[in-house]
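Participant: What follows is a single structure, and I will ask about it in a moment.
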Amino acid sequence: MKRKKNLELSQYLDILGYFLCIILILYFSMRWGSDFFDPLLQNDDTRTSTFPFWAMHDDLFKGDYIAQAMESFNPWLIKVLYYCLTLKIDLLIVTKILQISAIAWGSFHVFQIGRRRAGGLGGLFALYLALHTLEMLYGSAGGLPRSFGMPALLMCMDGIDRNSRIQAGSGTILGFSLYPPAGLIALVTFSLWYLSRELKNKKNLRNIRKEIISISIVTIFCFISLSPMLFSDHKEIGSLYSFEQASSMPEFYMGGRQCVAPLPTLQDAIAKVLRTLAETSDDSPVPYIKHFNDNNKKVVFLLFLFITPILALFQITRFPFTALYLAVVGIILFGIAKLFAFQLYSPDRMIRFSFVCAYLVLISSSYTVIGGELYRGNMRKIAAFLVCAAFIGFQGITFKGPIGLTVDAHKESQLFQVLQKLPKNTLFAGHPLRMNNIPLWGKRSILISYETSQPWFDKSWERMKQRTYDNFAAYYADKKDPLKVLEQKYGVDYMLIHEDDISSSYISHCKYFKPFTKQLDNLCKKPYEDLIWRKATSGSIEAIASGYMVINLSKFLKELEKVDN
1 MKRKKNLELS QYLDILGYFL CIILILYFSM RWGSDFFDPL LQNDDTRTST
51 FPFWAMHDDL FKGDYIAQAM ESFNPWLIKV LYYCLTLKID LLIVTKILQI
101 SAIAWGSFHV FQIGRRRAGG LGGLFALYLA LHTLEMLYGS AGGLPRSFGM
151 PALLMCMDGI DRNSRIQAGS GTILGFSLYP PAGLIALVTF SLWYLSRELK
201 NKKNLRNIRK EIISISIVTI FCFISLSPML FSDHKEIGSL YSFEQASSMP
251 EFYMGGRQCV APLPTLQDAI AKVLRTLAET SDDSPVPYIK HFNDNNKKVV
301 FLLFLFITPI LALFQITRFP FTALYLAVVG IILFGIAKLF AFQLYSPDRM
351 IRFSFVCAYL VLISSSYTVI GGELYRGNMR KIAAFLVCAA FIGFQGITFK
401 GPIGLTVDAH KESQLFQVLQ KLPKNTLFAG HPLRMNNIPL WGKRSILISY
451 ETSQPWFDKS WERMKQRTYD NFAAYYADKK DPLKVLEQKY GVDYMLIHED
501 DISSSYISHC KYFKPFTKQL DNLCKKPYED LIWRKATSGS IEAIASGYMV
551 INLSKFLKEL EKVDN
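Numbering follows the working numbering, with no gaps: position 167 of the sequence shown is 167.
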């Protein structure tokens, strides 16, 4: 009879956890759902990676070199998802759907890890943590390839947690197909876990062969999924710069486009991730704890981070091997990535994804284990509930909102409407920092922009660099010759000139990254009255919207010729 009562109470605690999970999801959806599905609110990198998929609609960006180069950065499964979904759904909504899907996928596997340890309450705590940690929300923003890095890793870790090599292997293969750095971390972690599990069971060497064969099969499938990127034709974009080449290029240093040189040390990479995780703490609803957190936030974070390993040393709870595997693999791959930079993406991403995933697994899994190891039955659930409540009490119950959706295009919506009325093959030029939003929202081709200026491949970057020099020469011109270069060399149809850039404060906008700073210093010495765009009249200005003049370049050149004659 007593056992039956315990079972009933345990079920009530599970139901409470599941009910609170529903409340948490509803709270999250009602508070930020409108932001997540606002088509004019996007991640900054989304403007670079997704606009080429407008090609599914009315042959937009046909023959656009930048669109072809940006599309090549996407793994094949990401392309399949976008191509399939954009057949019926607006591209801007597709980015939101994939973002929510990535968050849901990752949260589900964290929930499963917590639920397996402490039922509904453990799942609640895991779900809270997944939404509360910045990486889960920020990394998923915009439906980018990296959106699926953490979910694929968590799927693999969930498979490891439940001793399912099929699920762990599937998560690994999906990681390679969606975001290769995460797939690589998953593959090494999966292999390390699989072999150590069999060796721990003291199987003979003959049986170990089967395990090696299984790992080899997963590895083969991983590289098959990666083959479209490895063996695709890169004649137009060229080859990745070697680190030796990048070391002599200002684009890769502070003040350049990609500040990755010198490569970070292991200590710096780990410290950066830990600082990011510690900063996820919001204000606690308890006044005393809030005051305590203001002065001891990092101390509290480190206490929660290391309490499980410390208890494991005293054999109070199990050692968190899964999290340890992830951390070790991240460190190993960080070293390998530094040797082969930039062939394996930026080395710090290996630490970032592995350590954040290890943190989620450690906190959501191991803390709920504490209750299970110390107690049984109802006391296990109660202990787990108290641990969760203590963590949430210190970390806070609020969220950061739609993290990562940093670009608000509402103020330029009028401009986008004007641009979309122009011919589909129209090519625009303007200040690179002001052209970022045009391809995604304006649905038209551009000569250059900051976001599409990616100095990773040699041929592509040399081409973009020359475009940038020619573009600035025309944008800050005081004579018509640089304008003719844009029209005759590149086929530019329209210039987008912001009113601030031809005003008395224009000098404050003459900023860009190295190596273009010297050119801008020379161009911006002239008085703003001499800027040629101040001579544009209603005959060449076809529209004024959102603070921009849409100038027909051909008509403007003809106006200048008439004045000269």
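Built from N, CA and C at the ideal position, the CB exists for glycine as well.
Which residue wins for smallest C-alpha separation from G539, given the options I532, K555, T322?
Facilitator: Locating residue 539 in the sequence shown gives position 539, where the first residue counts as 1. The shortest C-alpha separation from G539 is found at K555.
Participant: Once you ignore the five residues that flank L277 on each side, which residues in its own chain have a CB closer than 6 Å to its CB?
Facilitator: Along the sequence shown, one-based indexing puts residue 277 at 277. Here the set comprises Y359.
Participant: What is the C-beta distance between I497 and N471, in whole angstroms, given that I count them as a contact (C-beta under 8 Å)?
Facilitator: If you number the sequence shown from 1, residue 497 lands on position 497. If you number the sequence shown from 1, residue 471 lands on position 471. Going by Cβ atoms, the distance from I497 to N471 rounds to 12 Å, so no, they are not a contact pair.
Participant: Which two residues bound the contiguous alpha helix (DSSP H) that contains H498?
Facilitator: Residue mapping note: residue 498 aligns to position 498 of the sequence shown, counting from 1. Run containing H498: none in the alpha helix (DSSP H); it sits in the beta strand (DSSP E), 494-498.
Participant: Output the residue ranges of the alpha helix (DSSP H) runs that lie fully inside the region 47-79 and measure 4 residues or longer, sorted by chain position.
Facilitator: Fully enclosed alpha helix (DSSP H) runs of 4 or longer: 65-71.
Participant: Should Q464 be labelled buried (16 or more other beta-carbon atoms within 10 Å of its own) or exposed?
Facilitator: Position 464 of the sequence shown, counted from the start, is the residue given in the question as residue 464. Inspection of the sequence shows that residue 464 is occupied by Met rather than by Gln. Classification for M464: buried.
Participant: Rounded to the nearest angstrom, what separates L60 and K421 at their Cα positions?
Facilitator: Along the sequence shown, one-based indexing puts residue 60 at 60. Along the sequence shown, one-based indexing puts residue 421 at 421. Distance between the alpha carbons of L60 and K421 is about 13 Å.
Participant: Measuring alpha carbon to alpha carbon, tell me which of R47, L153, A473 ends up nearest T600.
Facilitator: Lying before the first or after the last residue shown, residue 600 is absent from the chain, which here runs from 1 to 565.
Participant: Return yes when the Cβ of I173 is within less than 7 Å of the Cβ of T322, no when it is not.
Facilitator: The count along the sequence shown starts at 1 and reaches residue 322 at position 322. The count along the sequence shown starts at 1 and reaches residue 173 at position 173. No; because the gap between Cβ atoms is not below 7 Å, this pair is not in contact.
Participant: Which of helix, strand or coil does DSSP assign to G122?
Facilitator: Position 122 of the sequence shown, counted from the start, is the residue given in the question as residue 122. Of the three classes helix, strand and coil, the one that applies to G122 here is helix, per DSSP.
Participant: With a CB to CB cut of under 7 Å and the five nearest residues on each side skipped, what residues in its chain are close to Y253?
Facilitator: Here residue 253 refers to the residue found at position 253 when the sequence shown is read from its first residue. Counting only Cβ-Cβ distances below 7 Å, and skipping sequence neighbours, we find C259, A261.
Participant: Using the Cβ count rule (16 or more neighbours within 10 Å means buried), how would you classify G371?
Facilitator: Counting from one through the sequence shown, the residue named residue 371 turns up at place 371. Since pLDDT at G371 reaches only 47, below the 50 mark, its modelled position is unreliable, and the value read off the structure follows with that caveat. Counting Cβ neighbours within 10 Å, G371 comes out buried, since at least 16 surround it.
Participant: For H410, count neighbouring Cβ atoms within 10 angstroms of its own Cβ and tell me buried if that reaches 16, exposed if not.
Facilitator: Residue mapping note: residue 410 aligns to position 410 of the sequence shown, counting from 1. Exposed.
Participant: Report the residue from P181, I22, F243 whose alpha carbon sits nearest the alpha carbon of G120.
Facilitator: If you number the sequence shown from 1, residue 120 lands on position 120. Nearest option by C-alpha distance: I22.
Participant: Buried or exposed for K2, please, with buried defined as at least 16 other CB atoms from any protein chain shown within 10 angstroms of its CB.
Facilitator: Within the sequence shown, numbered from 1, the residue matching residue 2 stands at position 2. Any answer about K2 is weak, because its pLDDT of 46 lies below 50 and its placement is not dependable; what the coordinates show is given next. Counting Cβ neighbours within 10 Å, K2 comes out exposed, since fewer than 16 surround it.
Participant: Can you grab the Cα-Cα spacing for the pair N163 / Q11, in whole Å?
Facilitator: Counting from 1 along the sequence shown, the entry for residue 163 is found at position 163. Counting from 1 along the sequence shown, the entry for residue 11 is found at position 11. Using only the alpha carbons, I get a separation of about 25 Å.
Participant: Specify the secondary structure class of G114 as computed by DSSP and reduced to three states.
Facilitator: Counting from one through the sequence shown, the residue named residue 114 turns up at place 114. Residue state, collapsed to three classes: helix.
Participant: How close, in whole Å, do the beta carbons of L137 and I103 come, if the pair is a contact with beta carbons under 8 Å?
Facilitator: Walking along the sequence shown from the start, residue 137 turns up at place 137. Walking along the sequence shown from the start, residue 103 turns up at place 103. L137 to I103, Cβ: 7 Å. Contact.
Participant: Report buried or exposed for C222, applying the criterion of at least 16 other Cβ atoms within 10 angstroms of its Cβ.
Facilitator: The residue given as residue 222 occupies position 222 in the sequence shown. Buried, by the Cβ-count rule.
Participant: Let's see if you can read the secondary structure: which residues bound the alpha helix (DSSP H) around N471?
Facilitator: Against the sequence shown, residue 471 aligns to sequence position 471. From DSSP, the alpha helix (DSSP H) with N471 extends over 458-475.
Participant: In whole angstroms, give me the CA-to-CA distance for D348 and E412.
Facilitator: As a first step, residue 348 must be located in the sequence shown, where it is residue number 348. As a first step, residue 412 must be located in the sequence shown, where it is residue number 412. Approximately 35 Å, taken between the alpha carbons.
Participant: Kindly give me the distance between the Cβ atoms of Q454 and S546, rounded to whole angstroms, as I take these residues to be in contact under 8 Å.
Facilitator: Taking the first residue of the sequence shown as position 1, residue 454 is located at position 454. Taking the first residue of the sequence shown as position 1, residue 546 is located at position 546. About 26 Å; that fails the 8 Å criterion.
Participant: By DSSP, does V356 sit in helix, in strand, or in coil?
Facilitator: Position 356 of the sequence shown, counted from the first residue, corresponds to residue 356. Of the three classes helix, strand and coil, the one that applies to V356 here is helix, per DSSP.
Participant: Below 8 Å on the Cβ atoms is my contact criterion, and I expect F342 with W456 to pass it. Report the Cβ-Cβ distance as a whole number of Å.
Facilitator: Here residue 342 corresponds to residue number 342 of the sequence shown, with the count starting at 1. Here residue 456 corresponds to residue number 456 of the sequence shown, with the count starting at 1. At roughly 6 Å, the Cβ-Cβ gap stays under 8 Å, so F342 and W456 are in contact.
Participant: What's the call for A536, buried or exposed, on a 16-neighbour Cβ count within 10 Å?
Facilitator: Reading the sequence shown from its first residue, position 536 is the one you call residue 536. The residue is buried, with at least 16 neighbouring Cβ atoms inside 10 Å.
Participant: Report the rounded CA-to-CA distance for S101 versus A130, giving the unit in angstroms.
Facilitator: As a working note, residue 101 is residue 101 in the sequence shown. As a working note, residue 130 is residue 130 in the sequence shown. Going by the C-alpha atoms only, they are around 14 Å apart.
Participant: Check for me: the alpha helix (DSSP H) holding I438 runs from which residue to which?
Facilitator: If you number the sequence shown from 1, residue 438 lands on position 438. Per DSSP, I438 belongs to no alpha helix (DSSP H) and is neither H nor E.
Participant: How is Q414 classed by DSSP in three states: helix, strand or coil?
Facilitator: Position 414 of the sequence shown, counted from the start, is the residue given in the question as residue 414. Q414 falls in the helix class under three-state DSSP.
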